[in-house]
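These notes are about the structure you will find just below.
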Amino acid sequence: METLYHSTRSNTETYTSKRAILTGIAPDGGLFVSDQISRTSLDLTVVCGNDYHANARLVLGTLLPDYTPDEIASCVEGAYGSQWDTHAITPLTPLGNDWLLELYHGPTCAFKDVALQMLPRLMSAARHTAGGGRNVMILTATSGDTGKAALDGFADVEGTGVTVFYPDGKVSDVQRLQMVTQRGGNVAVCGIRGNFDDAQTGVKKIFSDPEVAARLLANNTVLSSANSINVGRLVPQVTYYFDAYAQLVRAGAVAQGDPIDFCVPTGNFGDVLAGFYAKQIGLPVGKLIVASNANNVLTDFITTGTYDRRRPFHKTISPSMDILVSSNLERLLYYLSGGDCELVAAYMRDLSQTGAYTVSSDMMEKLRQTFDCGFADDDATRRTIHTTWDELGVLIDTHTAVGKAVVDARASEGRPRVCLSTASPYKFSSDVLAALGANTQGMDGFACMDELARRTGTVAPAQLSGLRDAAELHTDVCDQDKMCAFVESACARVFS
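Under the numbering used here, the letters of the sequence shown match residues 2 to 497, in that order.
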């Protein structure tokens, strides 16, 4: 049976995976899901014998079946090539009694590269066969890492442009520099006055505005997304869950078929949702542990069943998780409700209109079968960075440390535990260095980077240390109500 996608809020119109990827977000504001996802189970014997590239071909071919095997193979070869510093792509390394899944070996030193080196290639293949030859403007909001990964992946890709909005003053110095120094004739970057949720809300409004769509279509242009609301961003992330399992089996740390736990630092819920997808198609997952920072809206939801964004927004040292509206949770609600589009739509209306919703006891029972949670504030995050280096000799960033802190606070249930490491510590040199006990007052980001390397005997990735000599090319900052005008101006410039 062909895997077809439809909105979380309505199943009246179905899409092939190519069309869903090109569209990004459903016209009604929902996210694309497939009802066939749990009807296929990957062969673990095959998975455990594969390298990363072969597992990527297997996962993508399963979840995106209207791509031909040749198209998938070409996408995988291009996405996971020499731009990575290891053929393993996402190597698994010891972390005391647990394991660290290193997701930062790509060109922008963050886990978003796994999907955003793939998505432009998936879009290019889809554009030629399902896109009618239209130009595609990739529109995305970022809390720090998605923006650079999208810019890097889509820069100068034929027939596409990419526009990125980030919360001005609320990303790390290195994250900002990665975006504002990006070269490419088809890229546009703009800070917004507000936080990530403001940027994400503004992007969603642009996607759902029919007048904007009509004006762009008149110039042969459509919008799509590089956020994990795009199923083409989500599906590639499923691969590293299977590949981590394969690495554990080959290392003799788990017997094939036995379950393992994953702890995932997350804000927008996409990274951990990929683990849920992996479980749905046959991965033996015990628990998916959602690790939050002080913006612990997800922890409260998993604990109480009430999602409530009406709370103070905390600016933390793990800025990519500074999110109060976790968009990808909508997909999980769809599956927990048994595919009840009307109920999901009602929850999303409640979230928009009142700021909160509460799910049923039946949905909570299903949720707790797979998910657990915990959170760590900045002090706990700093302590974890310090102790992980002092006791284990492993240097971790401020987001990975949130996950490690949550793992450390939990009693082991006897299953191997894998903590996802989402970024290089050098993307957050100042906060990592301070956590190790250094006085960083008066030091800029590059001085902190140099001192972190000296103190730990590690080496900063060249693509980060080289930013000190890069020119800042994108200086725009706007209010949320000016985002649409910025996008239309970018489209006119890129596709003129």
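The beta carbon of each residue, even a glycine, is placed where N, CA and C say it ideally should be.
- Just measuring C-alpha positions, the residue of Pro211, Thr441, Cys374 and Ser338 sitting nearest Ala295 is Cys374.
- Here the alpha carbon of Glu159 sits roughly 11 Å from the alpha carbon of Met138.
- A buried status is given to Pro121, since no fewer than 16 other beta-carbon atoms sit within 10 Å of its beta-carbon.
- In the three-state reduction of the DSSP assignment, Glu103 falls in the strand class.
- Here Thr164 is bridged, per DSSP, to Leu140 and Ala189.
- Contact between the segment 428 to 442 and the segment 384 to 404 is present, with at least three C-beta pairs closer than 8 Å.
- The C-alpha of Asn98 is placed about 23 Å away from the C-alpha of Asp378.
- In the structure shown, the three-state DSSP call for Cys449 is helix.
- Here the alpha carbon of Ala27 sits roughly 19 Å from the alpha carbon of Gly339.
- Arg234 and Thr87 have their C-alpha atoms roughly 21 Å apart.
- In this structure, the alpha-carbon of Ser35 lies about 20 Å from that of Ala126.
- The beta-bridge partner set that DSSP reports for Asp309 consists of Ala357.
- Remark: C-beta atoms of Thr147 and Asn228 approach each other more closely than 8 Å.
- Listed in chain order, the non-local C-beta contacts of Val255 below 7 Å within the same chain comprise Leu249, Ile261 and Pro417, local neighbours out to five positions each way being set aside.
- Residue range Leu93 to Leu96 is occupied by the beta strand (DSSP E) that includes Pro95.
- Secondary structure note for Cys49: its alpha helix (DSSP H) is the uninterrupted segment Leu45 to Gly50.
- Residue range Lys113 to Leu117 is occupied by the alpha helix (DSSP H) that includes Lys113.
- Taking each of Val419, Leu299, Thr317 and Glu452 in turn and checking the Cα distance to Asp309, the smallest one comes out for Leu299.
- The alpha-carbon separation between Ser75 and Thr304 amounts to approximately 43 Å.
- In this structure, the straight-line span from the alpha carbon of Ile38 to that of Ala156 is close to 32 Å.
- Going by DSSP, Arg418 is part of no alpha helix (DSSP H) but of the beta strand (DSSP E) stretching over Arg418 to Ser422.
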